[in-house]
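Visitor:
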Amino acid sequence: MLKRNRGSQLLASILVNAIYAMINYPIVLISTLLAPFSLLIVITFVSHGTLLPVAIAGALIMTMIAAGTSMQQDLSHLKNDFKLQDMIISSPTSAVTYLVGMALSEIVYSIPALVVLVILGAIYISTTAIGYLAIAAVLGIMFVFAVSLGFLLSTLTSDVVQSWAFAGIVSTILSALPPVYYPITYIPLPYQYLAYLSPATYAAEIIQNIIGLTAFSGTTILADWIVIIAVATAVSYIAIKKARWREN
Amino acid sequence: MKVLSCNNISKSYERGKYALKDVKFSIPAKGIFALIGRNGAGKTTLIRILSTQLLPTSGRATIDGIDVTRQENRLREIIACVPQEARAIGWLTARQFIVSYLMWRGFSGSEANKRAVAAAKKLRIEHYLDKQNQKLSGGTKRKVLVATVMASEAEILFLDEPTTGLDPISRDELWGTLMTLKKDHFVFLTTHYLEEAERLADKIGILDGGRLKALGTLDELRKKVKYPYCVKILSDVKIEKPKVGEIVKGVDGHYQIVTTEHEANRISRKLISKEVRFSMSPLTLDDIFYYIVKKPIEEENYAEEESR
Ligand SMILES: Nc1ncnc2c1ncn2[C@@H]1O[C@H](COP(=O)(O)OP(=O)(O)O)[C@@H](O)[C@H]1O
Ligand SMILES: [Mg+2]
Numbered sequence: 011m012l013k014r015n016r017g018s019q020l021l022a023s024i025l026v027n028a029i030y031a032m033i034n035y036p037i038v039l040i041s042t043l044l045a046p047f048s049l050l051i052v053i054t055f056v057s058h059g060t061l062l063p064v065a066i067a068g069a070l071i072m073t074m075i076a077a078g079t080s081m082q083q084d085l086s087h088l089k090n091d092f093k094l095q096d097m098i099i100s101s102p103t104s105a106v107t108y109l110v111g112m113a114l115s116e117i118v119y120s121i122p123a124l125v126v127l128v129i130l131g132a133i134y135i136s137t138t139a140i141g142y143l144a145i146a147a148v149l150g151i152m153f154v155f156a157v158s159l160g161f162l163l164s165t166l167t168s169d170v171v172q173s174w175a176f177a178g179i180v181s182t183i184l185s186a187l188p189p190v191y192y193p194i195t196y197i198p199l200p201y202q203y204l205a206y207l208s209p210a211t212y213a214a215e216i217i218q219n220i221i222g223l224t225a226f227s228g229t230t231i232l233a234d235w236i237v238i239i240a241v242a243t244a245v246s247y248i249a250i251k252k253a254r255w256r257e258n
Numbered sequence: 005m006k007v008l009s010c011n012n013i014s015k016s017y018e019r020g021k022y023a024l025k026d027v028k029f030s031i032p033a034k035g036i037f038a039l040i041g042r043n044g045a046g047k048t049t050l051i052r053i054l055s056t057q058l059l060p061t062s063g064r065a066t067i068d069g070i071d072v073t074r075q076e077n078r079l080r081e082i083i084a085c086v087p088q089e090a091r092a093i094g095w096l097t098a099r100q101f102i103v104s105y106l107m108w109r110g111f112s113g114s115e116a117n118k119r120a121v122a123a124a125k126k127l128r129i130e131h132y133l134d135k136q137n138q139k140l141s142g143g144t145k146r147k148v149l150v151a152t153v154m155a156s157e158a159e160i161l162f163l164d165e166p167t168t169g170l171d172p173i174s175r176d177e178l179w180g181t182l183m184t185l186k187k188d189h190f191v192f193l194t195t196h197y198l199e200e201a202e203r204l205a206d207k208i209g210i211l212d213g214g215r216l217k218a219l220g221t222l223d224e225l226r227k228k229v230k231y232p233y234c235v236k237i238l239s240d241v242k243i244e245k246p247k248v249g250e251i252v253k254g255v256d257g258h259y260q261i262v263t264t265e266h267e268a269n270r271i272s273r274k275l276i277s278k279e280v281r282f283s284m285s286p287l288t289l290d291d292i293f294y295y296i297v298k299k300p301i302e303e304e305n306y307a308e309e310e311s312r
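So the protein lines, in turn, are chains A and B.
If you're matching positions, the first sequence starts at 11 in this note's numbering and goes up one per residue.
If you're matching positions, the second sequence starts at 5 in this note's numbering and goes up one per residue.
#1: Going by Cα to Cα distance, which pick from A/Leu163, A/Tyr196, A/Gln95 is closest to A/Ser57?
#2: With a floor of 4 residues, list each alpha helix (DSSP H) that falls wholly inside the region 15-93 of chain B, ordered by position along the chain.
#3: Which runs of the alpha helix (DSSP H) fall wholly inside the region 82-154 of chain B and span at least 4 residues, in chain order?
#4: Let me see if you follow: with CB-CB separation under 8 Å, is B/Ser30 close to chain A or not?
#5: For A/Val180, which option in A/Gly141, A/Ile194, A/Leu162 has the closest C-alpha, if you only look at C-alpha atoms?
#6: For B/Leu59, go through chain A and note every residue whose CB falls closer than 9 Å to its CB, in chain order.
#7: In three-state terms, what does DSSP make of A/Glu257?
#8: Starting from B/Met284, follow the beta strand (DSSP E) in both directions and report where the run begins and ends.
#9: Report the start-end ranges of each beta strand (DSSP E) in the region 240-278 of chain B that is 3 residues or longer and not cut off at the edges.
#10: In angstroms, rounded to a whole number, what distance separates the CA positions of A/Leu124 and A/Leu44?
#11: Closer than 8 Å between beta carbons: that is the criterion. Which residues of the region 14-46 of chain A meet it against chain B?
#12: Cutting at 8 Å between CB atoms, please list the residues of its own chain near A/Ala249, excluding the five before and the five after it.
#13: Under 8 Å by Cβ, that's how I've got B/Lys147 and B/Thr181 pegged, so tell me the actual separation to the nearest angstrom.
#14: Taking 8 Å as the CB-CB cut-off, is A/Ser100 touching chain B?
#15: Determine whether the Cβ of A/Asp169 lies closer than 8 Å to any Cβ atom of chain B.
#16: So which residues of chain B does A/Phe161 contact, with C-beta pairs closer than 7 Å?
#17: Mind listing the chain A neighbours of B/Ser55? Cutoff is C-beta to C-beta under 9 Å, in chain order.
#18: Skipping 5 residues on each side, what residues in its chain have a beta carbon closer than 7 Å to that of A/Ile29?
#19: Taking all protein chains shown into account, decide if A/Ile129 is buried (16 or more other Cβ within 10 angstroms of its Cβ) or exposed.
#20: Any heavy atom of ligand 1 within a distance shorter than 7 Å of the CB on B/Ala84?
#21: So, does the CB of A/Lys251 fall closer than 8 Å to a CB anywhere in chain B?
#22: So A/Lys89 is in the alpha helix (DSSP H); what residue range does that whole segment cover?
#23: According to DSSP, is B/Ser9 part of a helix, a strand, or is it coil?
#24: What in chain B is Cβ-close to A/Leu12, meaning under 9 Å?
#25: May I ask which residues mark the beginning and end of the alpha helix (DSSP H) holding A/Gly131?
#26: Return the residue from the list A/Phe47, A/Thr230, A/Gln172 that minimises the CA-CA distance to A/Leu85.
#27: On the three-state DSSP scale, how would you describe B/Asp164?
#28: Within the 8 Å Cβ cut-off, does A/Lys93 reach chain B?
#29: For B/Cys10 and chain A, any beta-carbon pair shorter than 8 Å?
#30: Under DSSP, the alpha helix (DSSP H) around B/Asp212 begins and ends at which residues?
#31: Mind checking B/His189: buried by the 16 CB within 10 Å criterion, or exposed?
#32: How about B/Gln75: is its Cβ closer than 7 Å to a heavy atom in ligand 2?
#33: Would you please verify whether the beta carbon of A/Thr103 is less than 8 Å from any beta carbon of chain B?
#34: Sorted by chain position, which residues of the same chain lie with C-beta nearer than 8 Å to A/Asn90's C-beta, five sequence neighbours on each side aside?
#35: Verify whether the separation of the beta carbon atoms of B/Leu211 and B/Gly35 is less than 8 Å.
#36: With DSSP run on the structure shown, which of helix, strand or coil describes B/Leu193?
And the structure:
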């Protein structure tokens, strides 16, 4: 039997979904670079610059969430319009290998934006080394959550209309509700509860506390960590177990 | 010898409606097997079950002893599939597509590229390797897909309607490809072009309404029809009962008379004198297919005044 190269299997997804797309259509680079900056710019100007560090952190969180949304859209497209998923199922590539490879491809796709945001973050966000690590961990957890959800949903869609419907609902819940670009206290009270429907809200609270914008208690922050870790673990577990790979 | 066998495979997508019903057969896993049937016959359903994309509602299938439903990971090591309506990803070049597929299967990038080039040369599409898939013609697009699976190490290839929608010349070229493929692969294909099965297949299965109606080599299928000639009447006219042979009526109102050469000649002469449009030829797979899929019509449906 052929000795299968695991690195190749992951690289294939990255090539198809990121690198080849960028090589064949360089304009893709500009669009992915610009994606996170629209709200960043608005928030910064409206707050006369005071919210710039938060907005940078917010843009980083949103980039992670957006990776999940594009994962869902990309995989739905590949599955429904090219029947790629069926080709992959009837091959030695497992669902998990495909999921991980595609998740990495979304990171690669976001590299232009991430580089700029990280540089901005290094300049405008001041915290300790532990603080930076914690921010990175929060972003990593949000990424795992978002791409797992994107993968799960993509396997459930059978055409582009369904795919758009899922994407619309998910991005409203994950991007419009949570106060990632400003503190949650800016939201009038009854609506704050609504924001807590989104895992991104908990991620934002942790990061905003690190930056020093808010001063939530240690227990609140601990609870935030527990929520995001639990949600990411649960969603990735469900994605691996319940994604519609072989149909029945 | 390797064998593909289905043991009472049934599939029902909705309660009470069967896309496949008790499909049971066993064939050597070599050469080309063509599954023919009209749209909705259940061909895609069967190919998806055998290539581990879909679970049957009941029944078992094995390929070379490997259980399709329970040992899917072992089977996936040795199969590859081009689904119906699969397309090579549009924004990639043909080479990028083939190489990525091979890398997904675990080949290194350089090995994948070597194999992609070799397969493209065999199919004579090497000049298109660096063109974007979406800019290729329909025939070349299909060849890219076939090259993709044939470049892999898979011994068993499932191709769901590989030539549907191609012009006759492209189809002919793809047939040539499939003939070379079968030298070192087992090719399981579906088609509704009977000529395709006739030209390519070592064994043919006829699927209709989810049931396997017949299975065998072309010669074996020919023997299912007791007569070697066929007269097809292309308009809905009253038909004389043949002296020997059988008459079947198609859904479109056309008649098919299977009979001896002698009787076919006699009927032809009569039809010419009446200026009825018809065709007469030795039995083709088309005729066999229509014969097997549609039952002979009842006695009372013969036109009375025309007989004798
Ligand atoms: N996903 C599905 N859900 C419900 N019915 C389906 C599905 N796929 C196929 N069918 C039905 O099953 C039958 C067989 O379909 P299919 O296997 O695609 O036939 P073929 O490939 O021979 O055209 C058809 O009646 C079709 O409508
Ligand atoms: Mg079909």
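Built from N, CA and C at the ideal position, the CB exists for glycine as well.
Guide: Put simply:
#1: A/Tyr196
#2: Runs of the alpha helix (DSSP H) inside the region 15-93 of chain B: 47-54, 76-80.
#3: 98-108, 113-126, 142-154
#4: Not an interface residue.
#5: Per the Cα distances, A/Leu162.
#6: The answer, in chain order, is Arg256, Glu257, Asn258.
#7: strand
#8: 282-286
#9: 250-253, 259-263
#10: 11 Å
#11: Arg14, Asn15, Arg16, Ser18, Gln19, Leu21, Ala22, Ser23, Leu25, Val26, Tyr30, Ala31, Asn34, Tyr35
#12: Leu109, Ser158, Leu159, Phe161, Leu162
#13: Yes, they are in contact, since the Cβ atoms of B/Lys147 and B/Thr181 sit about 7 Å apart, within 8 Å.
#14: yes
#15: Not an interface residue.
#16: Under the 7 Å cutoff, chain B gives no residues; its nearest Cβ is about 16 Å from A/Phe161.
#17: Within 9 Å Cβ-Cβ: Asp96, Ile99, Ser100.
#18: Val118
#19: exposed
#20: no
#21: no
#22: 62-92
#23: strand
#24: Glu81, Arg109, Gly110, Phe111, Glu157
#25: 105-134
#26: A/Gln172
#27: Of the three classes helix, strand and coil, the one that applies to B/Asp164 here is strand, per DSSP.
#28: yes
#29: no
#30: That residue, B/Asp212, is in no alpha helix (DSSP H); its beta strand (DSSP E) goes 207-212.
#31: Classification of B/His189: buried, given that the 10 Å Cβ count is 16 or more.
#32: no
#33: yes
#34: Taken in chain order, the residues that qualify are Thr167, Ser168, Asp169, Val170, Ser173.
#35: no
#36: strand
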